[in-house]
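Chains as they are written, first to last, in our numbering: chain A, 13 to 127; chain B, 973 to 1204. Each residue gets a CB set at the ideal place from its N, CA and C atoms; glycine is no exception.
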Amino acid sequence: MTLTALLTFIAVCALATFAARVLPFVALARQAEHPLILHLGRYLPPAVMLILVIYALRDFRPLIEGRLNAGPQGWPLVIASALVVGLHLWRRHALVSILGGTATYMAMIQLGWMP
Amino acid sequence: MNSRRAWHEALVATLPVMFGYLPLGAAFGILAGEVGVPVWGAALMSLTIYAGAGQFLALAGVGAGAGLTEVAVATLMLNSRHLFYGLSLLGRFEGAGWRKPYLIFALTDETYSLLTSQPRHTADPAQAFRISLLNQGWWVLGSLAGALAGAALTFDSRGIEFVLTALFIVLTLEQARRLRRGLPFGIALICGLGALLLLPERHLLLGAIGSASLILLAHYRWSTTPRTETSA
Chain A
13 MTLTALLTFI AVCALATFAA RVLPFVALAR QAEHPLILHL GRYLPPAVML ILVIYALRDF
73 RPLIEGRLNA GPQGWPLVIA SALVVGLHLW RRHALVSILG GTATYMAMIQ LGWMP
Chain B
973 MNSRRAWHEA LVATLPVMFG YLPLGAAFGI LAGEVGVPVW GAALMSLTIY AGAGQFLALA
1033 GVGAGAGLTE VAVATLMLNS RHLFYGLSLL GRFEGAGWRK PYLIFALTDE TYSLLTSQPR
1093 HTADPAQAFR ISLLNQGWWV LGSLAGALAG AALTFDSRGI EFVLTALFIV LTLEQARRLR
1153 RGLPFGIALI CGLGALLLLP ERHLLLGAIG SASLILLAHY RWSTTPRTET SA
């Protein structure tokens, strides 16, 4: 790939990414106070957050695979996630919950521990 | 709040993202080297494109010699979920002044999650700017390290990607604590699990977030219609 080709390629990707992010701000600049926009502003973030969790846990797919422990990351994902929830409900310290769960997950994956 | 303390608070808030972005950025940098993108090219991509999945897609495009139109369309499709992020931040970014273009540019999944979970008193545009800037800093740093060290960077980081899953779990709990309403979580469960069952993986996020937005829109219409009828 020549220098010009690479730079053009990067520019196209950058513009397409920015376009998706900026479009609502340009198209709806005057509607920020509209009740529908306020409604979405209130309820969309929590919905997106849970969807991102479901997406991140997609490798655990008992519904599709038909078995409870589907996929090589199945149980470690469930156990580490439950640990994050438990830690957070208990101490409510974001870093402790996140690092505790991640360290446990990494240990299970790297040591190949599967119940 | 003085500026030092504000930066410190932003740093602490972005730590989970740091643990996710450094290794993920490094993976991107290593892969960039493998498909023949020079170190400065990898760094430039993380500086100007700044999208996790989008940049991996771009590398696949470089490797396959994809056409520019094809790449533009694929990138737009992949990032179209960000359309809905903007919808819920219109008010928040109003009055952000010179910071606004950068806040919009830097709106990744992780930054969006952190910004919408900030308690009200730290939700000012200056703090949002610090958080956004630090997050991209981690991403660029990781990419650069990966591109420079290449495959020589071999510490055992298997499983570290779970850090972003854990971040989303914690932020979901925080949102639930603040909102105390089941509605958005019920909608997310239906849309998320529905998309998981019905859609191929590459359309999963867009399908789930798009349908959740549509249901919220329908819910708005449905819950406001009776009121306007009685007032008419």
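In terms of residues, what are the limits of the alpha helix (DSSP H) holding residue i?
| i | result |
| --- | --- |
| A:Tyr117 | Ala106 to Gln122 |
| B:Gln1099 | Pro1097 to Ala1121 |
| B:Arg1062 | For the record, residue 1062 of chain B in the displayed sequence is Leu; it is not Arg. That residue, B:Leu1062, is in no alpha helix (DSSP H); it is neither H nor E in DSSP. |
| B:Thr1129 | Looking at the sequence itself, residue 1129 of chain B is Ser, so the reference to Thr does not match. That residue, B:Ser1129, is in no alpha helix (DSSP H); it is neither H nor E in DSSP. |
| A:Ser93 | Gly86 to Arg103 |
| B:Gly1154 | Taken as a continuous stretch (DSSP letters only), B:Gly1154 belongs to no alpha helix (DSSP H), as it is neither H nor E. |
| B:Met990 | Ser975 to Glu1006 |
| B:Gln1027 | Gly1024 to Ala1036 |
| A:Pro47 | Pro47 to Ala68 |
| B:Ile1021 | No alpha helix (DSSP H) contains B:Ile1021, which DSSP labels as neither H nor E. |
| A:Thr14 | Looking at the DSSP string, A:Thr14 is not in any alpha helix (DSSP H), and its letter there is neither H nor E. |
| B:Val1043 | Leu1040 to Asn1051 |
| B:Leu1086 | Asp1081 to Ser1089 |
| B:Leu1075 | Lys1072 to Phe1077 |
Compute the beta-carbon to beta-carbon distance between residue i and residue j, rounded to the nearest angstrom, for a pair I have assumed lies under 8 Å.
| i | j | result |
| --- | --- | --- |
| A:Leu64 | B:Ser1085 | 7 Å |
| B:Ala1044 | A:Val24 | 5 Å |
| A:Thr29 | B:Thr1047 | 6 Å |
| B:Ala1068 | B:Pro1097 | 4 Å |
| A:Pro58 | B:Leu1151 | 6 Å |
| B:Ser1205 | B:Leu1075 | Because chain B in this structure spans residues 973 to 1204, residue 1205 of chain B falls outside the shown range and cannot be described. |
| B:Val1011 | B:Leu1113 | Their Cβ separation, rounded to whole angstroms, is 13 Å, which puts B:Val1011 and B:Leu1113 out of contact at 8 Å. |
| B:Ile1181 | A:Val60 | 6 Å |
| B:Leu1106 | B:Gly1001 | Incorrect: roughly 19 Å between the Cβ atoms, too far for contact. |
| B:Ser1185 | B:Phe1056 | 5 Å |
| B:Asn1051 | A:Ala26 | With a Cβ gap of about 11 Å, B:Asn1051 and A:Ala26 do not count as contacting. |
| B:Ser1183 | B:Cys1163 | 5 Å |
| A:Ala44 | B:Glu1066 | 5 Å |
| B:Gly1026 | A:Pro36 | Not confirmed; about 18 Å, so no contact. |
| A:Leu52 | B:Leu1188 | 6 Å |
| B:Gly997 | B:Ser1018 | 7 Å |
| B:Trp1070 | B:Tyr993 | Incorrect: roughly 25 Å between the Cβ atoms, too far for contact. |
| B:Leu1079 | B:His1054 | 6 Å |
| A:Ala92 | B:Phe991 | No, A:Ala92 and B:Phe991 are not in contact; Cβ-Cβ is about 14 Å, not under 8 Å. |
| B:Ala1160 | A:Leu62 | 4 Å |
| B:Ala999 | B:Gly1122 | Actually they do not touch by this definition, with Cβ atoms about 12 Å apart. |
| B:Leu1031 | B:Val1007 | 5 Å |
Would you check if there are 3 or more beta carbon pairs closer than 8 Å linking the region 1149-1158 of chain B to the region 1128-1137 of chain B?
Pairwise C-beta distances place the region 1149-1158 of chain B out of contact with the region 1128-1137 of chain B, as fewer than three of them are shorter than 8 Å.
Interface residues of the region 93-112 of chain A facing chain B [CB-CB below 8 Å]
Hits within the stretch, in order: Ser93, Val96, Val97, His100, Leu101, Ala106, Leu107, Ser109, Ile110 and Leu111.
Closer than 7 Å between beta carbons: that is the criterion. Which residues of the region 1108-1137 of chain B meet it against chain A?
Listed by position along the chain: Asp1128, Arg1130, Gly1131, Ile1132, Phe1134, Val1135, Leu1136 and Thr1137.
Three Cβ pairs or more, each shorter than 8 Å: is that satisfied between the region 112-127 of chain A and the region 84-101 of chain A?
Between the region 112-127 of chain A and the region 84-101 of chain A there are three or more inter-stretch CB-CB distances shorter than 8 Å, so the stretches are counted as touching.
May I ask you to list, following chain order, the residues of the region 1171-1200 of chain B that have a beta carbon less than 9 Å from some beta carbon of chain A?
Cβ contacts with chain A come from Glu1173, Leu1176, Leu1177, Ala1180, Ile1181, Ala1184, Ser1185, Ile1187, Leu1188, Leu1189, His1191, Tyr1192, Arg1193, Ser1195 and Thr1196.
Please determine if the region 99-108 of chain A and the region 984-997 of chain B are in contact, where contact requires at least 3 C-beta pairs separated by less than 8 Å.
Contact between the region 99-108 of chain A and the region 984-997 of chain B is present, because at least three Cβ pairs lie under 8 Å.
Contact list for the region 984-998 of chain B against chain A, Cβ threshold 8 Å:
Residues of the region 984-998 of chain B that bring their beta carbon within less than 8 Å of a beta carbon in chain A comprise Val984, Leu987, Pro988 and Phe991, in sequence order.
Taking 8 Å as the threshold, find out whether the region 1157-1174 of chain B comes into contact with the region 66-73 of chain A through three or more Cβ pairs.
Here the region 1157-1174 of chain B lies against the region 66-73 of chain A, with 3 or more beta-carbon pairs under 8 Å apart.
Is the region 1138-1153 of chain B close to the region 1005-1022 of chain B, with three or more CB pairs under 8 Å?
No, because fewer than three Cβ pairs between the region 1138-1153 of chain B and the region 1005-1022 of chain B fall closer than 8 Å, the two stretches do not touch.
Residues, ordered as in the chain, of the region 60-71 of chain A that lie near chain B by beta-carbon distance below 9 Å:
Per Cβ criterion, the list reads Val60, Met61, Leu62, Ile63, Leu64, Val65, Ile66, Tyr67, Ala68, Leu69 and Arg70.
Mind listing which residues of the region 1145-1157 of chain B have their C-beta closer than 9 Å to chain A's C-betas, in chain order?
Residues of the region 1145-1157 of chain B with a C-beta atom less than 9 Å from some C-beta of chain A are Leu1145, Glu1146, Gln1147, Ala1148, Arg1149, Arg1150, Leu1151, Arg1153, Leu1155, Pro1156 and Phe1157, listed in chain order.
Chain A contacts made by the region 1069-1082 of chain B, where a contact means CB separation under 7 Å:
Those residues of the region 1069-1082 of chain B placed with their C-beta closer than 7 Å to a C-beta in chain A are Ile1076, Phe1077, Leu1079 and Asp1081, ordered along the chain.
Check whether the region 1032-1041 of chain B and the region 1059-1066 of chain B touch, using three or more Cβ-Cβ pairs below 8 Å as the test.
No, they do not touch.
Along the region 18-32 of chain A, what residues have a CB closer than 9 Å to any CB found in chain B?
The residues in question are Leu18, Leu19, Thr20, Phe21, Ile22, Ala23, Val24, Cys25, Ala26, Leu27, Ala28, Thr29, Phe30, Ala31 and Ala32.
Select from the region 1036-1055 of chain B all residues with a C-beta closer than 7 Å to any C-beta belonging to chain A, and list them in chain order.
Those residues of the region 1036-1055 of chain B that come within reach of chain A (Cβ to Cβ, closer than 7 Å) are Leu1040, Val1043, Ala1044, Thr1047, Leu1048, Asn1051, Ser1052, His1054 and Leu1055.
Taking a Cβ distance cut-off of 9 Å, strictly less, list which residues of the region 1020-1035 of chain B are near chain A, in chain order.
The region 1020-1035 of chain B vs chain A, Cβ under 9 Å: Thr1020, Ile1021, Tyr1022, Ala1023, Gly1026, Gln1027, Leu1029, Ala1030, Gly1033 and Val1034.
Taking a cut of 7 Å between CB atoms, which residues from the region 113-125 of chain A lie near chain B?
Going along the region 113-125 of chain A in chain order, one finds Gly113, Thr114, Tyr117, Met118, Ile121 and Gln122 with a Cβ nearer than 7 Å to chain B.
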